[in-house]
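Here is the structure we will look at.
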Amino acid sequence: MNILIIGNGGREHALAWKIAQSSLAKKIYVAPGNAGTELTNLIENIDIQDIDLLIQFARERKIDLTIVGPEAPLSQGIVNKFKENNLKIFGPTKEAAQLESSKDFSKRFMKKHGIPTAEYQTFTEPKLAHDYIDKKGSPIVIKADGLASGKGVVVAMTDNDAHNAIDLMLSENQFGNAGARIIIEEYLTGEEASFIVICDGKTVLPLATSQDHKRLLDNDLGPNTGGMGAYSPAPIVTAEIHEKAMNEVIYPTIEGMKKDGIEYTGFLYAGLMIDKNSQIKTLEFNCRMGDPETQPILFRLESDLLKILYDAAQGKLEENMALWENNFSITVVMAAKDYPNKPRFNDEILGLDSKEKDTYIFHAGTKLIGQKVMTSGGRVLGITAKGQTLNEAKNKA
Ligand code: AMP
Ligand code: GLY
Numbered sequence: 104m105n106i107l108i109i110g111n112g113g114r115e116h117a118l119a120w121k122i123a124q125s126s127l128a129k130k131i132y133v134a135p136g137n138a139g140t141e142l143t144n145l146i147e148n149i150d151i152q153d154i155d156l157l158i159q160f161a162r163e164r165k166i167d168l169t170i171v172g173p174e175a176p177l178s179q180g181i182v183n184k185f186k187e188n189n190l191k192i193f194g195p196t197k198e199a200a201q202l203e204s205s206k207d208f209s210k211r212f213m214k215k216h217g218i219p220t221a222e223y224q225t226f227t228e229p230k231l232a233h234d235y236i237d238k239k240g241s242p243i244v245i246k247a248d249g250l251a252s253g254k255g256v257v258v259a260m261t262d263n264d265a266h267n268a269i270d271l272m273l274s275e276n277q278f279g280n281a282g283a284r285i286i287i288e289e290y291l292t293g294e295e296a297s298f299i300v301i302c303d304g305k306t307v308l309p310l311a312t313s314q315d316h317k318r319l320l321d322n323d324l325g326p327n328t329g330g331m332g333a334y335s336p337a338p339i340v341t342a343e344i345h346e347k348a349m350n351e352v353i354y355p356t357i358e359g360m361k362k363d364g365i366e367y368t369g370f371l372y373a374g375l376m377i378d379k380n381s382q383i384k385t386l387e388f389n390c391r392m393g394d395p396e397t398q399p400i401l402f403r404l405e406s407d408l409l410k411i412l413y414d415a416a417q418g419k420l421e422e423n424m425a426l427w428e429n430n431f432s433i434t435v436v437m438a439a440k441d442y443p444n445k446p447r448f449n450d451e452i453l454g455l456d457s458k459e460k461d462t463y464i465f466h467a468g469t470k471l472i473g474q475k476v477m478t479s480g481g482r483v484l485g486i487t488a489k490g491q492t493l494n495e496a497k498n499k500a
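Numbering-wise, this note's numbering puts 448 at position 345 of the sequence shown, and it's gapless, one number per residue.
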């Protein structure tokens, strides 16, 4: 099969790397990809971002399946357009992707279908939002409605921080349209986990569990980032929590979408908060794999990912088709200087040829200039390793 993968992050390198191991794979194109995908056997980068041009490319190169990594093209309707052109693609439609692209949509959806989540209200008027903070008090959470690359959430520990967040989003337009509408929600405590499944519209296949590390620095300090690392499995997701997540969150979401006239096909990622009484609440939905969660998850997958996704794209997914290695894996992100504020680009990366057993270096913000691998993004590499214990994996990474 000829495969096209959309995206350029560590997630897409991991997807392409895993798919390249499938006996079904002939040629894999990544648009636009990074230095890591460019340097991998069977994989070729193509510099196309425009959806219509991607459709033309998929036709010309006889692409059998397209897989979408990031949220932006999903929310722009790449899946709708490929399907209109009779091209096979795995991912949610624009309508289904609203679960991620609008927090207001996803909160209303959860409330309507009884999916556990934090109490909230939606605001467009600064004054009403400020009044609400005065009434509720901190800690409290302010979220931009639209896509903001993981930066649209402020967990305000003081009233002052909450008022400032409202000003930034609603009055100063710091997030543009994404922040023209905000939601303010109850502050939840507990431990987070990333719960990701594959869905073909009817059948759900849960992937191995994982947990990502959002803060920039060690010991949960520093600002939130897209994710500085992740490991799999997440021990916090016990068998009991797993069952709860499926029954209280995942199945009602797929069913609820169906009731609302939207078939859900694609990856579905529920960010869960698990409290000390093992109650779960949904912090957010993503309509894609996590980054960096994909890297440690796929590092443990024994089964053929291409077969799974190809079957899923045709509505032929089976619940038990994924087998996992019985171990732990971890990805530690190496980021550019001054990430996430003003990452420095164009530094040469050395040492990439290290070939430790049970490790792999996934690229994210890298590009090839001549023979040199240079930094070109905030998160640069995902050093991934596995071991019999989480500590062993961590030390190796
Ligand atoms: P989100 O993009 O909605 O997942 O938010 C990003 C991060 O903000 C989450 O992973 C949590 O660490 C934190 N967060 C979001 N909502 C809440 C909440 N209601 N209570 C506490 N922390 C939250
Ligand atoms: N690592 C969090 C995300 O992909 O949204």
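From the three backbone atoms N, C-alpha and C, an ideal C-beta is built for every residue, glycine too.
### Task
Evaluate the contact criterion for the region 229 to 247 versus the region 211 to 218: three or more CB pairs, one atom per stretch, below 8 angstroms.
no
### Message
Quick check on G139: does DSSP put it in helix, strand or coil?
### Response
helix
### Message
Could you pull the DSSP bridge partners for M437 from this structure?
### Response
L484
### Message
On the DSSP letters alone, give me the boundaries of the beta strand (DSSP E) that K384 sits inside.
### Response
I383 to N389
### Task
Would you kindly report the start and end of the unbroken beta strand (DSSP E) that includes K470?
T469 to I472
### Task
Answer with buried or exposed for M272, where buried requires no fewer than 16 other C-beta atoms within 10 angstroms of its C-beta.
buried
### Message
Under 8 angstroms, Cβ to Cβ, is there at least one residue of chain D near Y413?
### Response
This model lacks chain D altogether, as it is built from one protein chain only.
### Query
Mind checking whether the beta-carbon of D394 lies closer than 7 angstroms to any heavy atom of ligand 2?
yes
### Query
Rounded to the nearest angstrom, how far is the Cβ of T487 from that of T462, given a contact under 8 angstroms?
6 angstroms
### Query
Nearest to Q179 by alpha carbon, out of L118, P395, L250 and F388?
L250
### Task
Using 10 angstroms around the beta-carbon of L156, count the other beta-carbons present and answer buried if the total reaches 16, otherwise exposed.
exposed
### Query
Where are the beta strand (DSSP E) runs, 3 residues long or more, that stay fully inside the region 244 to 293, in chain order?
256 to 259 and 285 to 289
### Task
Compare the beta carbon distance of P395 and G332 with 8 angstroms and say whether it is the shorter of the two.
yes
### Query
Span of the alpha helix (DSSP H) holding M360?
Y354 to K362
### Query
Are three or more beta carbon pairs between the region 350 to 360 and the region 162 to 182 nearer than 8 angstroms?
no
### Query
Is D450 near ligand 2, judged by its Cβ being under 7 angstroms from some heavy atom?
no
#### Entry: From D153, I472 and L310, residue whose alpha carbon lies closest to that of S297
L310
### Query
Got a sec, what are the start and stop residues for the alpha helix (DSSP H) S204 sits in?
Q201 to S204
#### Entry: A348 (DSSP reduced to helix, strand or coil)
helix
#### Entry: Span separating the alpha-carbon of Y372 from that of C390
6 angstroms
### Query
For the alpha helix (DSSP H) that L493 lies in, which residues bound it at each end?
L493 to K499
### Task
Enumerate in chain order the residues of its own chain whose CB-to-CB distance from L404 is below 7 angstroms, with the five nearest sequence positions on each side excluded.
K121, A425 and W427
### Message
Judging by CA-CA distance, which residue of G293, I285, G255 and Q201 is the nearest neighbour of P229?
### Response
I285
### For V257 and G393, the rounded distance between their alpha carbons
20 angstroms
### Query
Around the Cβ of E358, are there at least 16 other Cβ atoms within 10 angstroms (buried) or fewer (exposed)?
exposed
### Query
Mind checking whether R482 and A438 have CB atoms under 8 angstroms apart?
yes
### Query
Opposite V133 in the DSSP bridges: which residues?
I108 and N148
### Query
Quick one: is R376 buried, meaning 16 or more other Cβ sit within 10 Å of its Cβ, or exposed?
This sequence places Met at residue 376; Arg is not what is there. So M376 counts as buried.
### Message
Using a 10 Å radius around the Cβ and a threshold of 16 neighbouring Cβ atoms, would you call D456 buried or exposed?
### Response
exposed
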